[in-house]
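A.B. asks: Questions regarding the structure given below will be posed in turn.
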């Protein structure tokens with residue numbers, strides 16, 4: 001659907017009104033969850049790349065892969081899907097809570113890194129070569145990705161008196 005929200009061809013409320021409660025709604029535009037009037041909630045999923053793109057990019061970077069394979073993308077998608085509970089899926093919720101986005105990004109990045117190693121496209125990054133990457137455990141790959149993440153911490157530009 002079109003962005004910005006005011007140009008959307010269909011709102012979440014419209015979708016639930018016309019298609020009923022048994023739909024899964026996802027949009028690139030932000031909409032509020034919909035009260036279906038029967039004690040149920042129509043959950044709205046904002047579909048964009050914020051859950052996968054940072055982890056795919058970071059995992060590719062720290063693996064030293066020169067290209068991204070289908071297997072690396074599959075690993076990223078499967079990692080993200082593993083964060084969903086059966087209860088969330090039954091409710092029509094497509095994405096995990098945004099509260100854990102940094103942890104999810106690290107896990108997705110580690111999954112991409114491990115796929116790059118498995119497919120022998122990992123060339124290493126910095127002082128860590130492909131052999132060292134290949135010998136890392138799952139936990140070590142997550143720690144390695146975390147260590148290479150950017151943290152938005154800024155020094156003050158104005159000195160306080």
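In full-length UniProt numbering, the protein residues as written are 1 to 161. Glycine included, every Cβ here is placed at the ideal spot set by N, Cα and C. Since the model is a prediction, treat every value here as computed from it, not as a measurement.
1) Helix, strand or coil for residue 31 per DSSP?
2) Where residue 17 and residue 88 are concerned, what is the direct C-alpha to C-alpha distance, given to the nearest angstrom?
3) Have a look at 102, 115 and 117 and flag the residue whose alpha-carbon is nearest the alpha-carbon of residue 147.
4) Can you tell me which of the three DSSP states residue 38 falls into?
5) To test your reading of the DSSP string, which unbroken alpha helix (DSSP H) runs of 4 or more residues are found completely within the stretch 81–108?
6) Using only the alpha-carbon positions, how far apart do residue 65 and residue 111 sit?
7) Helix, strand or coil for residue 19? Go by DSSP, reduced to three states.
8) Which of the three DSSP states is assigned to residue 121 in this structure?
9) For residue 25, write down the residues that DSSP places opposite it in a beta bridge.
10) Leaving out the 5 sequence neighbours to the left and right, which residues in its chain are closer than 8 Å to residue 138 when beta-carbon positions are compared?
11) With H, G and I counted as helix, E and B as strand and the rest as coil, what does DSSP make of residue 112?
C.D. replies: In this structure, then:
1) Counting from 1 along the chain shown, the entry for residue 31 is found at position 31. Of the three classes helix, strand and coil, the one that applies to residue 31 here is coil, per DSSP.
2) Along the chain shown, one-based indexing puts residue 17 at 17. Along the chain shown, one-based indexing puts residue 88 at 88. One alpha carbon belongs to residue 17, the other to residue 88, and they sit about 21 Å apart.
3) As a position in the chain shown, residue 147 is number 147, starting the count at 1. Of the candidates 102, 115 and 117, 102 places its Cα closest to the Cα of residue 147.
4) Within the chain shown, the letter at position 38 stands for residue 38. Look at residue 38 here: in three-state DSSP terms it is coil, with no helix or strand label.
5) Listed in chain order, the complete alpha helix (DSSP H) runs (minimum 4 residues) inside the stretch 81–108 are 86–91.
6) Looking up residue 65 in the chain shown gives position 65. Looking up residue 111 in the chain shown gives position 111. When rounded, the distance between both Cα atoms is 13 Å.
7) Within the chain shown, residue 19 is the residue found at index 19, counting from 1. Residue 19: helix per DSSP, three-state reduction.
8) Here residue 121 refers to the residue found at position 121 when the chain shown is read from its first residue. Shown here, residue 121 sits in coil according to DSSP, grouped into three states, outside any helix or strand.
9) Your numbering for residue 25 matches position 25 in the chain shown. Residue 25 pairs with 44.
10) Position 138 of the chain shown, counted from the first residue, corresponds to residue 138. Cβ neighbours of residue 138 beyond the five flanking positions: 110 and 114.
11) For this step, residue 112 is matched to residue 112 along the chain shown. Residue 112 falls in the helix class under three-state DSSP.
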